[in-house]
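Mind the numbering: the sequence shown is residues 238 to 429 in this note's numbering, read in order. Here is the structure we will look at.
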Amino acid sequence: MAEPLIVVGLGNPGAQYATTRHNLGFLVADILADRIGSGFKVHKKSGAEVATGRIGGRSVVLAKPRTYMNESGRQVGFLAKFYSVPPPDIVVIHDELDIDFGRIRLKLGGGVAGHNGLRSVSSALGSNDFQRVRIGIGRPPGRMDGAKYVLSTFSSAEWKDVPTICEQAADATELLVAQGLEPAQNIVHAWD
Numbered sequence: 238m239a240e241p242l243i244v245v246g247l248g249n250p251g252a253q254y255a256t257t258r259h260n261l262g263f264l265v266a267d268i269l270a271d272r273i274g275s276g277f278k279v280h281k282k283s284g285a286e287v288a289t290g291r292i293g294g295r296s297v298v299l300a301k302p303r304t305y306m307n308e309s310g311r312q313v314g315f316l317a318k319f320y321s322v323p324p325p326d327i328v329v330i331h332d333e334l335d336i337d338f339g340r341i342r343l344k345l346g347g348g349v350a351g352h353n354g355l356r357s358v359s360s361a362l363g364s365n366d367f368q369r370v371r372i373g374i375g376r377p378p379g380r381m382d383g384a385k386y387v388l389s390t391f392s393s394a395e396w397k398d399v400p401t402i403c404e405q406a407a408d409a410t411e412l413l414v415a416q417g418l419e420p421a422q423n424i425v426h427a428w429d
């Protein structure tokens, strides 16, 4: 892997989205910034919020795009060009409908599974071959629309578990950065 790595937490800006399912990536990025002792600052050229430091001995740029989810790729693509980081050295942390609530999965590449933030990142990078920390939010109840579900807030029972889930996702991200995909998958996927 090249250095720096870019680690992106996907979410939507604004207080009204802070506790929605779609903002898990932002919550994990905040934890990682605290762990490396760096605060987010606006990257003047990209417009994204960035924090820099080291994870597992590796230089990283943590990023939170300040655009809405569907436009996240613009700022991620700019950062990739600015830091000369190829897609396989970019880690995207995001919510995932197709994984049960609270489960965490690591992956390189693949489709976007209807996730507009991933679609935007993939389009901007010209590749799906970036690494992913996928945080399960489960499927919407009944016939609820997926787009409405991801923008809804967690139930009070779920919200009690969100801090632990986000800490685990931060742990998974650190393992991925420090050890690489396959060793990290072997550890993280055994957590169930």
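Quick reminder that beta carbons are idealized off the backbone N, C-alpha and C, glycines included. Quick caveat, the model's predicted, so the values are computed rather than measured.
Where MET306 falls, given that 16 or more other Cβ within 10 Å makes a residue buried
As a first step, residue 306 must be located in the sequence shown, where it is residue number 69. With 16 or more other Cβ atoms within 10 Å, it is buried.
Going by the beta-carbon positions, is the gap between SER364 and SER309 smaller than 8 Å?
Working through the sequence shown from its first residue, we reach residue 364 at position 127. Working through the sequence shown from its first residue, we reach residue 309 at position 72. Their beta carbons are not under 8 Å apart, which means SER364 does not touch SER309 by this criterion.
With a threshold of 8 Å, are at least 3 pairs of Cβ atoms found where one atom belongs to the segment 406 to 420 and the other to the segment 258 to 269?
yes
Below 8 Å, how does it come out for the segment 364 to 374 and the segment 336 to 348: are there three or more Cβ pairs, yes or no?
yes
Just tell me which of LEU264, ILE402, LEU242 has its CA closest to the CA of ASN249.
Translated into the one-based positions of the sequence shown, residue 249 becomes position 12. Considering only alpha carbons, the answer is LEU264.
Hey, how far is the Cα of PHE367 from the Cα of LYS397?
As a working note, residue 367 is residue 130 in the sequence shown. As a working note, residue 397 is residue 160 in the sequence shown. Approximately 31 Å, taken between the alpha carbons.
Could you check what DSSP says for ALA229 in three-state terms: helix, strand or coil?
In the structure as shown, the chain begins at 238 and stops at 429. Residue 229 is therefore absent and cannot be evaluated.
Taking the C-alpha atoms as reference points, what is the distance between LYS278 and ALA285?
Position 41 of the sequence shown holds residue 278. Position 48 of the sequence shown holds residue 285. Between LYS278 and ALA285, the C-alpha separation is close to 8 Å.
Terminal residues of the continuous beta strand (DSSP E) containing ALA300?
Numbered from its first residue, the sequence shown carries residue 300 at position 63. Taken as a continuous stretch (DSSP letters only), the beta strand (DSSP E) holding ALA300 covers 295 to 301.
Can you list, in chain order, the residues of its chain with a C-beta nearer than 6 Å to that of ALA325? Leave out the 5 residues immediately preceding and following it.
What you label residue 325 is simply residue 88 of the sequence shown in a count that begins at 1. Per the sequence shown, residue 325 should be read as Pro rather than Ala. Cβ within range, chain order: ASP366.
Length of the line joining the Cα atoms of PRO241 and GLY294:
Position 4 of the sequence shown, counted from the start, is the residue given in the question as residue 241. Position 57 of the sequence shown, counted from the start, is the residue given in the question as residue 294. One C-alpha to the other measures close to 11 Å.
DSSP state of VAL313 mapped onto helix, strand, coil:
Stepping through the sequence shown from its first residue, residue 313 is reached at position 76. VAL313 falls in the helix class under three-state DSSP.
Taking buried to mean at least 16 other C-beta atoms within 10 Å of its own C-beta, is SER392 buried or exposed?
Residue 392 sits at position 155 when you count from the first residue of the sequence shown. Exposed, since its Cβ has fewer than 16 Cβ neighbours within 10 Å.
Looking only at its chain, what residues have a beta carbon closer than 6 Å to the beta carbon of VAL245, apart from the 5 residues adjacent to it on each side?
Here residue 245 refers to the residue found at position 8 of the sequence shown. Closer than 6 Å at the Cβ level, and outside the excluded window around VAL245, lie ALA300, VAL313, VAL329.
Could you give the DSSP three-state label for ASP332: helix, strand or coil?
If you number the sequence shown from 1, residue 332 lands on position 95. In this structure, ASP332 counts as strand in the three-state DSSP scheme.
Buried or exposed: GLY262, going by 16 or more other Cβ atoms within 10 Å of its Cβ?
Start at 1 with the first residue of the sequence shown, and residue 262 comes out as number 25. GLY262 should be labelled buried.
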